[in-house]
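Numbering (our numbering), first residue to last: 336 to 406. Yeah, the Cβ is synthetic: ideal placement off N, Cα and C, and Gly gets one too. Structure first, then comments.
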Amino acid sequence: MPIDVTINNISGSTPFDIYICDDPITMCIYVDTISTVPYQFSVPNLMINLTSFNLKMVDSNGCTTTQILTP
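Structural data, given as structure tokens:
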């Protein structure tokens, strides 16, 4: 069953590179580069069975923000 993630707000300088990572962060998968929110995507099948994820967002200045998500 797919797991959808929605980003409703984000701070920093656009555009943002979005990654979904395991928890703790040992592997990340690039999702997309975005400039506006809300933005929705599905967790890749490779990570569908994990109990938690890290949403990693990198702004155009290289500043990284992470957030732990649980399905």
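- At a Cβ-Cβ threshold of 7 Å, Leu385 and Asp357 count as neighbours.
- If you ignore the 5 residues before and after Ile364, its C-beta comes within less than 6 Å of the C-beta of Ile355 and Pro379, all in its own chain and listed in chain order.
- According to the DSSP secondary-structure assignment, Met336 is paired through a beta bridge with no residue.
- Under the criterion of beta carbons closer than 8 Å, Asn343 and Val372 qualify as touching, at roughly 6 Å.
- Excluding five sequence positions before and after Thr401, the CB atoms of its chain that fall closer than 6 Å to its own CB belong to Asn389 and Lys391, given in chain order.
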